[in-house]
Amino acid sequence: MSSLHSLRLASLIEGASLLLLLLVAMPLKYGLGLAIAVRVAGTIHGLLFLVLLSVASRAYFERAVPTRSLLRVLGLSLVPLGFLAAERLLRRDADSRTTRP
């Protein structure tokens, strides 16, 4: 699996975990008093964020993604639904790499 593909996959999974944390665990904590939901979802999300950083560093050192795009992906990972824009950006980078001679 290429580092660009790994970065796209890690970004999608990390973004989905952020949505799970915000849309499921937080309402369970504040609506039903189930604080364990945030603890579990938050821990999973934190680990997945560390995986994203690891995969991003691999992509950076292998020069699979331009530095500007990589920084934008990392910035978008902090925003809910930002992973969708990051996916579009990474897909565009992948397409431009395959069409170059």
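20 is the number of the first residue of the sequence shown in my numbering; add one for each residue after it. Note that CB positions come from ideal geometry on N, CA and C, so glycine has one too.
Rounded C-alpha distance that separates residue i from residue j
i   : j    : result
S36 : L108 : 20 angstroms
V92 : G52  : 34 angstroms
L47 : G101 : 23 angstroms
A83 : Y49  : 42 angstroms
T86 : S115 : 15 angstroms
Y79 : L39  : 28 angstroms
A60 : A104 : 23 angstroms
R27 : L90  : 14 angstroms
Span of the alpha helix (DSSP H), counted from its first residue to its last, around residue i
i   : result
A83 : Looking at the DSSP string, A83 is not in any alpha helix (DSSP H), and its letter there is neither H nor E.
M45 : 45-51
Backbone secondary structure at residue i - three-state DSSP
i   : result
S22 : helix
L97 : coil
Residues of its chain near residue i, where Cβ-Cβ distance is below 6 angstroms and the 5 sequence neighbours each way are ignored
i    : result
A113 : L23
Buried versus exposed, by CB contacts within 10 Å (16 or more), residue i
i   : result
S21 : exposed
G34 : buried
V74 : buried
A54 : exposed
V43 : exposed
S76 : exposed
Close Cβ partners of residue i (< 8 angstroms) along its chain, the five nearest in sequence each way excluded
i   : result
S88 : L108, L109, D112
Nonlocal neighbours in the same chain, by C-beta distance under 7 angstroms from residue i, ignoring five residues either side
i   : result
L71 : A29, S30, E33, S96
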